[in-house]
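When you line the sequence shown up against this note's numbering, it's residues 1 to 460, in that order.
One structure is given here, and the rest of the page talks about it.
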Amino acid sequence: MPKKKEPEWIITKGQRSRWEKEQRRKRIAIIAGGAIIGIVLILVGVAIWQMAKPEPPTLVGIGIDPAIPSMKSGETLDLKAVKTYDNDKTKPINSDVVWTSSATPTATIDPITGRVTALKEGTTTITALWDGRSATALLGVVPTTVLQVGSTSFSMDDYVSSLRITRAMTGYDPSMIADALVTSIENSELRKQLAPTVGITVSNEEIEKAIVESWVSSVGGSGTPSYAEVQEQITQRLKPYEITYEQYFKQTESGLLTEKFIEYVGGQEVPKTADQVHLRGILFDAATAVSGTPSATPTPTPTDSGSPAATPDPAVIRQTIQARLDAGDSFTAVAQQYSKDTASKDTGGDLGWMPREIAAMNYGDEWAGIAFTLEPGTLSNPIPLSTAKTNTYYWVIEVTENETGRTIESTQWNMLAAQAENEWLTQKANELNIAIVDDALTPELRTWAANKAAEPFPTT
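Following this line, the structure appears as structure tokens:
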């Protein structure tokens with residue numbers, strides 16, 4: 001049977017014309033509709049942007065860039081004044097700034113351009129004035145070398161870097177460790193120079209092992225990571241503090257070398273046993289009542305609670321404490337209630353066992369001398385906390401027991417060994433004519449360095 005033929009659709013000329021017009025109308029409608037939608041979206045977006053548009057930043061003051069500059073004598077430096085805003089942004093101030101220097105013998109500054117000329121080593125405060133506002137910068141004119149140990153020299157950058165590393169790793173304020181770090185740098189270099197003479201070495205394997213152990217101890221977890229893994233982790237963690245892994249590696253090496261020197265010297269000069277006393281004590285403030293209430297009467301009288309009232313005479317407070325003990329109050333209770341010594345207050349004033357050298361190291365020679373002459377069970381006379389004329393703090397202590405040839409506790413032995421090692425280093429430096437020079441690092445430059453090291457770490 002033949003296949004049925006499909007009908008043919010024939011479009012006349014007129015029909016084609018109408019069809020094409022219809023298609024054009026549809027395309028125009030689609031284009032127009034898209035344009036309308038686009039316009040609506042743009043308008044909505046503008047409205048949303050206007051609604052969410054942030055408030056312009058508020059000018060809060062002016063600053064100087066850099067804030068803590070350093071220079072060498074004879075150098076020049078152009079300082080810039082900037083506007084500071086509440087969004088932590090800054091904008092340069094290009095005119096109408098008046099500049100001054102507080103110490104023109106150290107450095108002068110052009111009052112209009114802000115160009116500084118360093119004249120001699122020291123520090124000066126640079127002040128910028130603009131539109132009724134002011135800003136200051138502490139400028140340091142620093143020597144090329146600030147420390148010298150034998151033939152090894154250290155620059156101001158070395159010193160500031162050490163301060164920043166110590167700050168990052170310990171949290172200490174640089175101003176609190178500025179002096180101690182000078183001694184630390186000098187002793188660290190002395191150990192490096194003296195190590196070959198006593199056969200002390202620190203290998204890379206020891207350093208890597210110590211780094212891994214320290215990492216595992218700090219982060220915890222199961223298993224032991226490889227050194228490469230730890231190195232990568234530490235490198236990333238150090239970046240925000242501007243500390244390189246090489247610096248961290250050298251710091252670890254220095255720590256291990258110190259430990260070995262302390263063991264070496266301590267083993268030769270510090271015994272493992274010593275005569276010791278077991279002590280307890282109460283630290284009180286003679287300027288206030290033992291209860292902590294300021295005295296309103298010059299004549300000491302017992303308070304309702306039985307605690308001594310304030311008196312400028314520490315002997316009176318000592319008598320009141322003794323009276324409470326005689327009345328049956330325990331030393332522990334009295335110390336817990338009134339002692340100002342936060343380290344021993346919660347343990348009832350218990351100071352533990354200690355040899356004479358530790359007593360002197362922690363509390364002073366006078367304190368140690370009294371501690372080792374007291375009869376057990378006897379309350380000492382008041383012992384001043386310091387020799388300052390303004391001191392109002394005093395100790396009263398009591399020996400509970402003593403022992404001849406008692407083994408020195410490990411922490412105390414390490415303290416004695418560290419002290420002996422410090423003295424040994426000084427002695428050896430003198431014997432071998434290793435000159436230690438730090439005169440260039442004056443108190444004012446140490447203060448400048450501490451301020452420089454305290455600058456904020458960069459944000460990430």
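Beta carbons are placed, not taken as given, at the ideal position from N, Cα and C, and that holds for glycine.
- request: Look at the Cβ atom of residue 396, then the Cβ atom of residue 279, and state whether they are nearer than 9 Å.
  value: no
message: On the DSSP bridge list, what partners appear for residue 284?
response: 394
message: Short of 6 Å in beta carbon distance, which residues of its chain neighbour residue 367, apart from the five on each side in sequence? Order them along the chain.
response: 383
- request: With a threshold of 16 other CB atoms inside 10 Å of the CB of residue 457, please say whether the residue is buried or exposed.
  value: exposed
query: With respect to the beta strand (DSSP E) encompassing residue 329, which residues constitute its N-terminal and C-terminal limits?
result: Taken as a continuous stretch (DSSP letters only), residue 329 belongs to no beta strand (DSSP E), as it is neither H nor E.
query: Where residue 450 and residue 264 are concerned, what is the direct C-alpha to C-alpha distance, given to the nearest angstrom?
result: 33 Å
- request: May I ask you to report which of helix, strand or coil DSSP gives residue 154?
  value: strand
- prompt: In this structure, does DSSP put residue 138 in helix, strand or coil?
  reply: strand
- prompt: Three-state secondary structure (DSSP) at residue 85?
  reply: strand
- request: Compute the beta-carbon to beta-carbon distance between residue 159 and residue 441, rounded to the nearest angstrom, for a pair I have assumed lies under 8 Å.
  value: 7 Å
- prompt: Quick one: complete alpha helix (DSSP H) runs, 4+ long, within the segment 85-120?
  reply: none
For residue 370, the first and last residue of its enclosing alpha helix (DSSP H): 365-371
query: Which ranges does the beta strand (DSSP E) cover as unbroken runs of at least 3 residues, wholly within the segment 391-433, from first to last along the chain?
result: 393-407
query: What are the start and end residues of the beta strand (DSSP E) that includes residue 125?
result: 122-130
message: Below 8 Å on the Cβ atoms is my contact criterion, and I expect residue 407 with residue 273 to pass it. Report the Cβ-Cβ distance as a whole number of Å.
response: 5 Å
- prompt: Near residue 191, what residues of its chain come up, given a Cβ to Cβ distance below 6 Å and the 5 sequence neighbours on each side ignored?
  reply: 257 and 261
Span separating the alpha-carbon of residue 64 from that of residue 135: 6 Å
- request: Name the one or two DSSP bridge partners that residue 350 has.
  value: 280
field: Spatial neighbours of residue 75 in its chain, beta-carbon cut-off 6 Å, leaving aside the 5 residues before and after
entry: 118
- prompt: Do you know offhand how far residue 186's Cα is from residue 148's?
  reply: 8 Å
message: Tell me the DSSP secondary structure of residue 183 in three-state form.
response: helix
- prompt: Is the segment 72-87 touching the segment 102-117, taking contact as three or more C-beta pairs under 8 Å?
  reply: yes
message: Just to confirm, is the Cβ distance from residue 318 to residue 381 under 9 Å?
response: yes
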